[in-house]
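These notes are about the structure you will find just below.
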Amino acid sequence: MYILPRLCSRHLRQVLQKSCSRNLSTSSQNVPHGHPAAKVDILEKLPVPFGLVRFGVAPDHPEVKNVIHTFTNTARNERCTFLGNVEVGKDVSIEELQGAYTAVVLAYGADDDRTLAIKGEKNPNVISARSFVGWFNGLPQDRDLNVDLDTENVVILGHGNVALDVARILLTPISVLKKTDISQHALDALSRSRVRKVYLVGRRGPLQVAFTIKELREMIKLPDCRPVIHKDDVKDLNKVIEGKSHKLYEQGHQELKNLPRPRKRLTDLLYRTSMEPSDTNSQLWAQASKEWELRFRLTPAEVTETEGKVTGVKFYINELQGDDLVNKIAKATSETEDIQCGLVFRSIGYKSIPIDPCLPFDKRKGIILNKKGRVENRPGLYCSGWVSTGPVGVILNTMTWGFETGKVILKDIEDGAISSEGKEGNQIIKDKMLSKGSRDKRLKKKVRSETYNYNRTVDSTSTDYLKDDYFENSLNVAKPAASQYCMYIN
Ligand SMILES: Cc1cc2nc3c(=O)[nH]c(=O)nc-3n(C[C@H](O)[C@H](O)[C@H](O)COP(=O)(O)OP(=O)(O)OC[C@H]3O[C@@H](n4cnc5c(N)ncnc54)[C@H](O)[C@@H]3O)c2cc1C
1 MYILPRLCSR HLRQVLQKSC SRNLSTSSQN VPHGHPAAKV DILEKLPVPF GLVRFGVAPD
61 HPEVKNVIHT FTNTARNERC TFLGNVEVGK DVSIEELQGA YTAVVLAYGA DDDRTLAIKG
121 EKNPNVISAR SFVGWFNGLP QDRDLNVDLD TENVVILGHG NVALDVARIL LTPISVLKKT
181 DISQHALDAL SRSRVRKVYL VGRRGPLQVA FTIKELREMI KLPDCRPVIH KDDVKDLNKV
241 IEGKSHKLYE QGHQELKNLP RPRKRLTDLL YRTSMEPSDT NSQLWAQASK EWELRFRLTP
301 AEVTETEGKV TGVKFYINEL QGDDLVNKIA KATSETEDIQ CGLVFRSIGY KSIPIDPCLP
361 FDKRKGIILN KKGRVENRPG LYCSGWVSTG PVGVILNTMT WGFETGKVIL KDIEDGAISS
421 EGKEGNQIIK DKMLSKGSRD KRLKKKVRSE TYNYNRTVDS TSTDYLKDDY FENSLNVAKP
481 AASQYCMYIN
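Residue numbers for the sequence shown follow the working numbering, beginning at 1 and rising by one.
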């Protein structure tokens, strides 16, 4: 019986680990005890595994990337195979996969960006934050991104963690970045950067920001850099945080008392940074040569240009509407404000795309239509991660969802809703992928060079997985032979 080609190792682990805990495995690895005959193939369009954990998570967050070690343990299981450089929907169809495997899980993330649809957005100096992240993380497709850092002012549109990642990388001293696994081309470009000021602009207010406290704290502690949070934006928030009576409660806003603790702590930090900075911080910030500024209630109307160069962003000033103070809706007024800058990053979210015409897909939400991970009207086809939920949440949420998907599949097997009857088995897919490669010499070369030259080698055991030979040493991967199309592990 063959279960699951998967597109990214964490989901594989999720499926298997659930099985593991159910059967009290004594193995130190995540053996797929949920179904003792299960074999799992992971199909990935990049030559290497780990998806956004490798190419999304910022290089100065090695502790987050360390989850790769856990995924690797799962991938080492002898019943697991990783097939890299295989693009589902192009190299192999879902129809073909379903003909071969008992269950197929689609977990291909959210590869597309949400766009602004405003004038000037197509200027080369309006860059998707995701591409920029790929660029500094060494993602091959973003290696040649033309990031013009010959400007003092940058606007980042969005108030999420990725926006803060981008701001942090732009403002962190090179001496600090050098110690991370940031790609060499990004390090070279950033060392010539003239960026001094970064505006982080959101449509709503401080109670609606999507970034989290860890990322905000890192921004506040950036060396030689001053946070600018306008007092007018946060001055009313202190009592909200303390949970004491306040004029807002008196006005009937009881929901503020029930703010979740993380939101309270985040709001508290915004408030204190602006209203009650310590003497030490005040002194440090007064001397800082760079700064970042949080701007609220602004919707981009146009990226302004002169002779093809970005000169700034024109914004509509928003009113926040709705009775619920926490879930306000931004409504643009006719008033506008201009912020001058030479570079703009768009960090307003992602969406998935349908990779195969057979998929029932909600284009507006950018998700595969599914119920608890079961793809609608396609028995044996499942989805997990961002492609099933939309691009929200962090790795932990994605893992939790993966565990649930694993549970659902095991249940369907137990209930007889799916079976291996009539399935051709995975060898047919492996053979197809391997033989395809012998016809494409150019691609073979690309696979080899990309696989082993992603990022700089960093002298740190915690970032072992970034070293060139990690995949060979840890996953027993053979370097792709001349005849091979795809990376092949196990
Ligand atoms: C820029 C960025 C930074 C982030 N930083 C953090 C962080 O610091 N901490 C945190 O907890 N969370 C972070 N997240 C969120 C986290 O990355 C996601 O929660 C998680 O990666 C989603 O997992 P996924 O498997 O759904 O998608 P992904 O991790 O994107 O995995 C999808 C995989 O499918 C592959 N794929 C796509 N299409 C195909 C195809 N047709 N055929 C085969 N393979 C395909 C992709 O190459 C990719 O490897 C970040 C997200 C982004 C965008």
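Just so you know, even glycine gets a beta-carbon here, dropped at the ideal spot from N, CA and C. In this text, all values refer to a predicted model and were calculated from it rather than measured experimentally.
Could you say which of the options lies nearest to residue i if we only look at CA atoms?
i, options, result
"residue 83", "226, 44 and 89", "44"
"residue 327", "120, 203 and 136", "203"
"residue 308", "370, 323 and 148", "148"
"residue 177", "209, 61 and 364", "61"
"residue 175", "389, 411, 191 and 138", "191"
"residue 169", "141, 144, 150 and 132", "132"
"residue 522", "270, 58 and 153", "Any question about residue 522 goes unanswered here, given that the chain covers just 1 to 490."
"residue 392", "424, 350 and 144", "350"
"residue 211", "159, 51 and 236", "159"
"residue 330", "336, 321 and 338", "321"
"residue 237", "215, 205, 63 and 222", "205"
"residue 51", "303, 78 and 137", "137"
"residue 283", "53, 225 and 303", "225"
"residue 304", "338, 324 and 285", "338"
"residue 288", "347, 223 and 262", "223"
"residue 364", "340, 181 and 390", "390"
"residue 404", "424, 372, 415 and 395", "372"
"residue 218", "65, 232 and 167", "167"
"residue 171", "296, 193, 271 and 161", "193"
Could you pull out every residue in the same chain whose Cβ sits closer than 7 Å to the Cβ of residue i, ignoring the five residues on either side in sequence?
i, result
"residue 353", "111 and 112"
"residue 300", "116, 118, 157, 313 and 315"
"residue 413", "35"
"residue 387", "106, 107, 108, 109, 110, 352, 367 and 368"
"residue 461", "Low local confidence applies: a pLDDT of 36 at residue 461 is under 50, so the model's placement there is unreliable, and no value is given."
"residue 377", "360"
"residue 426", "2, 39, 41, 100 and 101"
"residue 374", "382 and 408"
"residue 189", "147 and 149"
"residue 370", "376, 383 and 388"
Sorted by chain position, which residues of the same chain lie with C-beta nearer than 6 Å to residue i's C-beta, five sequence neighbours on each side aside?
i, result
"residue 273", "220, 227 and 229"
"residue 293", "199 and 228"
"residue 398", "385"
"residue 80", "40"
"residue 196", "152 and 290"
"residue 209", "159"
"residue 58", "165"
"residue 421", "none"
"residue 455", "In this prediction, residue 455 has a pLDDT of 42, which is less than 50 and means its spatial position is unreliable; what the coordinates show is noted afterwards. So the list reads 138, 181, 183 and 466, once near-sequence residues are dropped."
Looking at the unbroken beta strand (DSSP E) that takes in residue i, where does it start and where does it end?
i, result
"residue 199", "197-201"
"residue 44", "40-44"
Since residue i is in the alpha helix (DSSP H), which residue starts that stretch and which ends it?
i, result
"residue 59", "Per DSSP, residue 59 belongs to no alpha helix (DSSP H) and is neither H nor E."
"residue 152", "Residue 152 -> no alpha helix (DSSP H), and no H or E assigned at all."
"residue 270", "261-275"
"residue 166", "161-171"
"residue 234", "231-234"
"residue 210", "Neither: residue 210 is in no alpha helix (DSSP H) and is coded neither H nor E."
"residue 185", "184-191"
"residue 174", "174-177"
For residue i, collect the residues of the same chain with a Cβ closer than 8 Å to its Cβ; drop the 5 residues on either side in sequence, then sort them by chain order.
i, result
"residue 92", "43, 86, 429, 432 and 433"
"residue 333", "316, 317, 318 and 319"
"residue 88", "5, 7, 43, 45, 94, 97, 106, 108, 355 and 356"
"residue 143", "135, 183 and 185"
"residue 173", "223 and 224"
"residue 481", "Bear in mind that a pLDDT of 35 at residue 481, under 50, signals an unreliable position, so the model cannot answer this."
"residue 358", "93, 94, 95 and 378"
Margin query: Ignoring anything shorter than 4 residues, give me the alpha helix (DSSP H) runs that lie fully in the segment 76-145, in order along the chain.
Written below: 94-100 and 129-136
Check: Fully enclosed by the segment 277-333, which alpha helix (DSSP H) runs are 4 residues long or longer?
Finding: 279-287
Next item on the list: May I have a chain-ordered list of the beta strand (DSSP E) segments no shorter than 3 residues that lie completely inside the segment 321-399?
Entry: 329-340, 343-346 and 381-383
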